[in-house]
Structure formats: C-alpha cells, structure tokens
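For the protein sequence lines, the chains are A and B, in the order given. With my numbering, letter number 179 in the first sequence gets 208, and the count goes up by one each step, no holes. With my numbering, letter number 32 in the second sequence gets 1218, and the count goes up by one each step, no holes. Each residue gets a CB set at the ideal place from its N, CA and C atoms; glycine is no exception. Keep in mind that this is a model prediction, so the values were computed, not measured.
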Amino acid sequence: MRLSPEALVIAPILIPLVAGALQLFLDDRGRKLKAALSILSTVALLIISIQLLRFTHADGDISEGRIAVYLLGNWPPPFAINLVLDRLSAMMLTLTATLALPVLIFSLGRWHKAGVHFHTLFLLLLMGLNGAFLTGDLFNLFVFFEVMLAASYGLVLHGSGLLRVKAGVHYIAINLVASLLFLIGVALIYGVTGTLNMADLAIRIPQISETNYMMLESGAAILSVAFLIKAGMWPLSFWLPATYAAAPAPSAAIFAIMSKVGIYVLLRLALLFFGHDPDFPEGPGAQILLYGGLATISFGTVGVLASQTLGRFAGFSVLISSGTLLTSMGLVQTEVTAGALYYLVSSTLAISALFLLIELIERGQNMATSVLAVTMEAFGYQDEETEDEEIVGVVIPRTIAVLGTCFAACAILLIGLPPLSGFIAKFVILSALFNPDAANQMTNIPTVSWWFMALLILSGLATLIAMSRSGIHAFWVPPADAVLPRVLFIEILPIAVLLCTTLVLTLQAGPVMRFMEATASSLHAPQPYIESVMHAPRTELPQPLKATE
Amino acid sequence: MELVLSLSIGILAGSGVWLLLRPRTYQVIIGLGLLSYAVNLFIFSVGRLVMGRPPITQAGAQIDPAAFADPVPQALVLTAIVIGFATTALFLVILLASRGLTGTDHVDGKEPDR
C-alpha cells in the first residue's frame, strides 16, 4: 500500500460516508447489493484501522508511539480543523470496526429488512463514531457527535413499534438537550481561550488568568455534562436501559460503543486540558467522576438485580461498565487508566455480544416475536417474511446448546470470572489500585479504593445472580409456550466471533496490556500529542498550482 | 446592547426550560426550539459584541485584528443553526409518529393515572 498513514487517517470517515450516501440511490429491493456494499466497506474499515493501529504503535516499539495528523484544507495548525490519530484513537477505531462487522452480518439475518435505510444509517453511525475518535477540534467533535446521534435516532426507531417510539421520544429529547449543553460549553471555552483546537487549548489553558479561569471551568463542566449523559453517569442515565432495551438487537449492539464515546472524550479532554494541574486528581472534576462512577456502579448493580427482561439487564450492564470506567478515570493514575482501557475493550465486546444473543434467546419466547410481527406488518413485509421463514429458517440442531454456551461465555465475561478477559480486566484495575509498585510512596490505601473494590466485586456478584436466574429461566425451564428459536447460522457466527475476540484478548493479554499501558502513559503525558499537532507538516503544493496563483 | 442581549438570552432559555419540563410533546418541541435560539444567541455573543466592524479581512494586507469582528462564532452559529434545525425537524416527525401510535400527545405515550 503506497498511501502514507497521514493520508489514510481520513479514510475511516470517508469510506462509510461515501458508502452510506451511495446506498440512498439504491432501491430497498436491491438489498443484496446494499448488504454487499456495507460488508465491503466495513471490511475495508477493519483493515485500515488495524493498519493505523500498527502505525501508531510503531510495530511494537513501546516507548515511542507515533501520531499522525491530517490537516484538512492544508491550513497551518492550529487554524482550521485537523484530524489526529494516536494510540487511543487507533484503538477505538479498531474496536468500532471489530464490533461493526459482526453486528452487520447479524443484521443480514432478518433485521435489515425490518425498515428502510438500515445500511445507510448504520454506516453513517460508523462515520460519526470514527470522526469523533479522530477529530482534534472541539467544534468538529460536536458535528461528528450530531452525525452519530442523528443516525442513532434512526437506528433506535428501526423497525418502529410502540415501545421503540416511546423510548425514542425520550432518547431524542435528552440528546437534543445534551447537544445544546455541548454548544454552551464549547462557546464558553472559545470565549475564554479564543481557540477550539484541542492541542492549542492544552497550551493556552495554563496561561489563562485567574479571573477567566472560573469561566473556563464552568465551560468545561457544562461540556462534560453532555458527555456524561452519553456515558450514562448516574443521575444522568435513566434513559439508557429503556432505550437500549427497546432498540432492535443490531442497533443496541453497536450502541454499546456509543456510550464509550462519552468516556473516550472525557478521558482525552480531561487529561489534555487539566492534566498539567497537579491539583487535578484532588480537584472537583476528578472527584465528581470518582463518586459519580461509584454511584453509577451501585445503580447498575441494583438495576441488574431488579430487571425483569434480558434487554433491560443488558442496559444496566452498560451502566456498570460505564461506572467502572468513570471511577477508574476519577482516580487519575496511569496504571489504573491502562486497566480501564483493557476493561473498556473487553466489556464493550461482551455487552455487544450479549445484546445480539438476547434477541436470539427471546425469539423463542413470545414477546419478542410479537414485537417483530408488529414491525413487519407496519412496514408491509409480512408476506415476504413468512416466505423467508420457510426457505431459510432451518433449525440448527442443538440450537439451545450453542446459545447456552454463548450465554455462559457472556456471563463469565461480564461477571469477571477466569478464564476470559473480563477477569483480567478487573484484576488489572484492582491490582493497580493496591499495587505499591506503581506508587511506592503511597503507604496507606485511600478509603475510596476499598469502596471501588467492594462495588466492583459486588456488581460482578449481582451479574452472576441475575444471569444465572435468567439463564435457568431461558434454557432449563422455558415457559410452556416457548418454541425452539429459529436461528440462522449467520446470526450465531457474529456472536461467536465477538466472543472469540475476547478469547484472543485473553490469550494475548501480555502484548495487549503493554499497548494499553503505553496508551495510558501517553494520555497522562500529552506533550508529544500537543507537539505533533502544533508542528504538523503541511503538504507542499505542486509547483504548477503555485505558479498560477 | 449587552443588557438587551443577555436579557433576551435569559428569557428564551428560561421559557425554553420551563416548556421542556411540561408533559405535552408540543410544549417540549417549542421549548427545545426556544432553548436552541438562546444557545445560538449565546454562541454569537462569545465573539464579543461589536458594531460596524467587518468579519472578513483583505488578503495580503497588514491588518489590525481589533478592527475586525471575530468570524469564528458566526461560522459556529451557522453550523449550530443548521444542525439544530435538522434534528428538531426529525424530532417533530417522531412526535407525530408517537401521537399516531399512542393516540395521545403525552410524552410518556399514555395519560397519567388520576
């Protein structure tokens, strides 16, 4: 491949944009073509993001991560918008593509027929996600957030139906308000600093006078409320379980990474803007993350125990995952952040697989099938669907056994039992909390660490109880009217792939953790990031073009 | 001028928040509209309020930045208006769908029990 990595940086945004827009011209009858186009572009995304990941990691050289900067319009930084690729964004891009491909394949089973423009919405969601991970500009981040959210509104409502519209109204109203808060925060920060470039902001923030600092802090606080709503911190999270449970399975599965966008942005901006401040770990910002995260874990734990359906259970698992990440961020320790990044990847994959699996399990029970039937009727796909059932709906022998195995794997991941990566993730976080190697000055362990440990283990226990309860209910004593779910091979395969990815994470835990540690330490010492953005080389214009000016 | 602007932002934001917390979908969407006006005016105002100064400079010439208005908030506010308009329109469609499916304009999709 002759393309330089700097030029490749924009590909994760362009590919889904072009592929998604092209599909608007195709009729919904050309679904095979659409599916092929989507699969093709998602595969391309996966290959490119792995390439970018290898580039940033400098092929295993730990100390020096490489950073690629793409200057849109070739303006000298800090002017105009730029895209910045470092280890963290490359990791998030790879995670997005790793999730997107199985989820897309899953949706080909039946869900992409349940409404119009599924593929376009899905690809535009990927574009928004990738853009949010890549951009180095605060306002551009807003734009990509909106792209992502607009696509997600469509995906929540995909398949229509009463439940989805009800959940969708709340979801959209809350996110519109969050967007307004985002704008207020950005405006305040711009008003104080006069720049929106993240690297430039990191340089200017330490130079701000005492009187203006308060305004900057309130801007940053309002901004983070917008991200905390996305991440689902208690008490901003009541919308999340209802929405995720109502959304169709493929949408919910890809939404598992959407709540991580909020986490990503907070992690990046907090350390970039305020990491220079030695008081930051004791400051109000970090404390809110810390205690808010603990409250979120508790709320999620109670919710997990109380949830009646598997969909809501998975929604509350998202909250537990978010809470754990927020608390780890609030501790502001490099080692804990590294563990949290590993946890982020592992839990996102597990929750995503769980959302897909739930739909298959509930298909055997009456509720989900009736919701689906309503959907198909509303869109006039009734006849087509029944035909499809007869032709492709072959019952896989031992379906229940396969589903049960996947369910058990999901449970092990979410609870954090060995041997899968969920255990390693929690173990790394906890050992970093108590390991004196990381901070040998610290003789006494703060109380909040004990609280964190207790809650982390309690949330695992609650998950264990809830999952064994619903597992027994679903597999061993199914309700009388339950039928053997009709499951297609291409619906089981993506779940298996997602779970195998966590197996790879487990087996390759050494190299992966070294990568996470390198990522975390460059996050906590962002000077190279700032330097590379501010001194990004501009492309030389070709000679004839210059002459015509 | 500052007083008029800040008062109008305050009134718009206050009425917007109040309407947003009302139980009818129509009130919610009007509230969101008012709030977005307030936010747009607010973004505009962070570029400082000036009169009679153009935001566009001449190419090549040596200029005094103080003689020009800040063009960035104006660009930002344009983007925010476009995005806000699009998402509000989308929301309106969903509110109509909700009205059609549930038969009520309550935000919870059903009338509260009395």
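Helix, strand or coil: which one does DSSP assign to residue 166 of chain A?
In the first sequence, counting from the first residue as 1, residue 166 of chain A sits at position 137. Looking at residue 166 of chain A - three-state DSSP - the assignment turns out to be strand.
If you count every other CB in all the chains shown that lies within 10 Å of the CB of residue 1187 of chain B, and 16 or more means buried, which is it?
Looking up residue 1187 of chain B in the second sequence gives position 1. By the Cβ neighbour-count rule, residue 1187 of chain B is exposed, with fewer than 16 other Cβ atoms within 10 Å of its own.
Is the separation between the beta-carbon of residue 64 of chain A and that of residue 148 of chain A shorter than 8 Å?
Position 35 of the first sequence, counting from 1, holds the residue named residue 64 of chain A. Position 119 of the first sequence, counting from 1, holds the residue named residue 148 of chain A. For the 8 Å CB-CB criterion, residue 64 of chain A and residue 148 of chain A form a contact.
Please classify residue 279 of chain A: is it buried, with 16 or more other beta-carbons within 10 angstroms of its beta-carbon, or exposed?
Start at 1 with the first residue of the first sequence, and residue 279 of chain A comes out as number 250. Under a 10 Å Cβ-count criterion, residue 279 of chain A is classified as buried, with 16 or more other Cβ atoms of the shown protein chains found around its own Cβ.
Helix, strand or coil at residue 414 of chain A [DSSP, three-state]:
Looking up residue 414 of chain A in the first sequence gives position 385. Note that residue 414 of chain A scores 43 on pLDDT, short of 50, meaning its location in the model is unreliable; the coordinates nonetheless yield the value given after this. In the three-state reduction of the DSSP assignment, residue 414 of chain A falls in the helix class, which pools H, G and I.
Cβ atoms of residue 435 of chain A and residue 378 of chain A: under 8 Å apart, would you say?
Position 349 of the first sequence, counted from the first residue, corresponds to residue 378 of chain A. Position 406 of the first sequence, counted from the first residue, corresponds to residue 435 of chain A. Residue 378 of chain A is not a Cβ neighbour of residue 435 of chain A, given a cutoff of 8 Å.
Residue 194 of chain A touches chain B at which residues, Cβ-Cβ below 8 Å?
Sequence index remark: in the first sequence, residue 194 of chain A carries index 165 (1-based). Chain B residues near residue 194 of chain A: 1280, 1283, 1284, 1287, 1288, 1295.
Assuming contact is defined by CB atoms lying nearer than 8 Å, are residue 45 of chain A and residue 155 of chain A in contact in what I supplied?
Sequence index remark: in the first sequence, residue 45 of chain A carries index 16 (1-based). Sequence index remark: in the first sequence, residue 155 of chain A carries index 126 (1-based). Taking 8 Å as the Cβ cut-off, residue 45 of chain A and residue 155 of chain A qualify as a contacting pair.
To the nearest angstrom, how far is it from the Cα of residue 1198 of chain B to the Cα of residue 1225 of chain B?
Counting from 1 along the second sequence, the entry for residue 1198 of chain B is found at position 12. Counting from 1 along the second sequence, the entry for residue 1225 of chain B is found at position 39. For residue 1198 of chain B and residue 1225 of chain B, the distance between alpha carbons rounds to 9 Å.
Cα separation between residue 543 of chain A and residue 36 of chain A?
Your numbering for residue 543 of chain A matches position 514 in the first sequence. Your numbering for residue 36 of chain A matches position 7 in the first sequence. Straight through space, the alpha carbons of residue 36 of chain A and residue 543 of chain A are spaced by roughly 27 Å.
In three-state DSSP terms, what is residue 113 of chain A?
To locate residue 113 of chain A, count along the first sequence from 1; it is residue 84. Strand.
Using a C-beta to C-beta distance shorter than 8 Å, which residues of chain B count as neighbours of residue 168 of chain A?
The residue you call residue 168 of chain A lines up with position 139 of the first sequence. Here the neighbours are 1262, 1265.
Quick check: the Cα distance between residue 94 of chain A and residue 461 of chain A, rounded to an integer number of angstroms?
The count along the first sequence starts at 1 and reaches residue 94 of chain A at position 65. The count along the first sequence starts at 1 and reaches residue 461 of chain A at position 432. The straight-line gap from Cα to Cα measures roughly 23 Å.
Helix, strand or coil for residue 1292 of chain B, going by three-state DSSP, please let me know.
Here residue 1292 of chain B refers to the residue found at position 106 when the second sequence is read from its first residue. Reduced to three states, the DSSP call for residue 1292 of chain B is strand.
Skipping 5 residues on each side, what residues in its chain have a beta carbon closer than 6 Å to that of residue 1292 of chain B?
Position 106 of the second sequence, counting from 1, holds the residue named residue 1292 of chain B. Same-chain partners within the cutoff: 1209.
Member of B:1268, B:1190, B:1191, B:1221 whose CA lies at the smallest distance from the CA of residue 203 of chain A:
On the first sequence, position 174 is the one that residue 203 of chain A refers to. For residue 203 of chain A, the nearest C-alpha among the options comes from B:1221.
Residue span of the alpha helix (DSSP H) that contains residue 206 of chain A, given as start and end:
For the purposes of this step, residue 206 of chain A is taken as residue 177 along the first sequence, with counting starting at 1. Note, residue 206 of chain A: alpha helix (DSSP H), 191-222.
Please identify the residue among A:453, A:389, A:498, A:366 whose C-alpha is closest to the C-alpha of residue 550 of chain A.
Counted from its first residue, the first sequence places residue 550 of chain A at position 521. Minimum Cα distance to residue 550 of chain A is reached at A:366.
Answer yes or no: does any C-beta atom of chain B fall closer than 8 Å to that of residue 175 of chain A?
Here residue 175 of chain A is taken as the residue at index 146 of the first sequence, counted from 1. Cβ-Cβ to chain B under 8 Å: yes for residue 175 of chain A.
Positions along the stretch 1223-1242 of chain B whose CB lies within less than 7 Å of some CB in chain A
Residues 1225, 1228, 1229, 1232.
Residues of chain B with CB closer than 7 Å to the CB of residue 209 of chain A, please, in chain order.
As a first step, residue 209 of chain A is located in the first sequence; it is residue number 180 there, counting from the start. Within chain B, the residues 1221, 1222, 1225 have their CB atoms less than 7 Å from the CB of residue 209 of chain A, given in chain order.
Who are residue 99 of chain A's beta bridge partners in DSSP?
By one-based count along the first sequence, residue 99 of chain A stands at place 70. Partner(s): A:112.
Mind reading off the beta-carbon distance from residue 195 of chain A to residue 1289 of chain B? Whole number of angstroms is fine, and I expect it under 8 Å.
The residue given as residue 195 of chain A occupies position 166 in the first sequence. The residue given as residue 1289 of chain B occupies position 103 in the second sequence. In this structure, residue 195 of chain A and residue 1289 of chain B do not form a Cβ contact; the two beta carbons are roughly 12 Å apart against a cut-off of 8 Å.
Using a Cβ-Cβ distance under 8 Å, would residue 410 of chain A count as near chain B?
In the first sequence, counting from the first residue as 1, residue 410 of chain A sits at position 381. Its pLDDT being 49, under 50, residue 410 of chain A is placed unreliably in this model, and the value from its coordinates should be taken loosely. It does not: the Cβ of residue 410 of chain A has no partner Cβ on chain B nearer than 8 Å.
So for residue 226 of chain A, helix, strand or coil by DSSP?
In the first sequence, the residue the question calls residue 226 of chain A occupies position 197. Residue 226 of chain A falls in the strand class under three-state DSSP.
So who's on the other strand from residue 1210 of chain B, going by DSSP bridges?
For the purposes of this step, residue 1210 of chain B is taken as residue 24 along the second sequence, with counting starting at 1. Among the bridge pairs identified by DSSP, residue 1210 of chain B is matched with B:1292.
Quick one: does residue 258 of chain A have its CB under 8 Å from some CB of chain B?
Here residue 258 of chain A is taken as the residue at index 229 of the first sequence, counted from 1. For residue 258 of chain A, no Cβ of chain B is located within less than 8 Å of the residue's own Cβ.
Tell me whether residue 33 of chain A sits in a helix, a strand or coil according to DSSP, three-state version.
For the purposes of this step, residue 33 of chain A is taken as residue 4 along the first sequence, with counting starting at 1. In the structure shown, residue 33 of chain A sits in coil (DSSP, three-state: anything other than H, G, I, E or B).
Nearest chain B C-beta to residue 371 of chain A closer than 8 Å, yes or no?
Counting from one through the first sequence, the residue named residue 371 of chain A turns up at place 342. Interface annotation, residue 371 of chain A: not in contact with chain B, CB-CB separation never under 8 Å.
Quick one: does residue 197 of chain A have its CB under 8 Å from some CB of chain B?
By 1-based counting over the first sequence, the position of residue 197 of chain A is 168. Taking Cβ atoms only, chain B reaches closer than 8 Å to residue 197 of chain A, which makes this a yes.
Neighbouring residues, chain A, relative to residue 1276 of chain B (Cβ below 9 Å):
Along the second sequence, read from residue 1 onward, the residue named residue 1276 of chain B stands at position 90. By Cβ distance, chain A contributes 179, 182, 183, 201.
Would you tell me roughly how many angstroms separate the C-alpha atoms of residue 247 of chain A and residue 309 of chain A, rounded to the nearest one?
On the first sequence, position 218 is the one that residue 247 of chain A refers to. On the first sequence, position 280 is the one that residue 309 of chain A refers to. The C-alpha of residue 247 of chain A lies about 15 Å from the C-alpha of residue 309 of chain A.
Compute the Euclidean distance between the alpha carbons of residue 492 of chain A and residue 331 of chain A, then round it to the nearest angstrom.
The residue given as residue 492 of chain A occupies position 463 in the first sequence. The residue given as residue 331 of chain A occupies position 302 in the first sequence. Their backbone Cα atoms lie some 10 Å apart in a straight line.
Can you tell me the Cα-Cα spacing of residue 108 of chain A and residue 227 of chain A, whole angstroms?
Sequence index remark: in the first sequence, residue 108 of chain A carries index 79 (1-based). Sequence index remark: in the first sequence, residue 227 of chain A carries index 198 (1-based). In a straight line, the C-alpha of residue 108 of chain A is about 11 Å away from that of residue 227 of chain A.
Exposure label - residue 297 of chain A; buried when at least 16 CB within 10 Å:
Taking the first sequence and counting its residues from 1, the one referred to as residue 297 of chain A is at position 268. Residue 297 of chain A sits buried, since 16 or more C-beta atoms from the chains shown fall within 10 Å of its C-beta.
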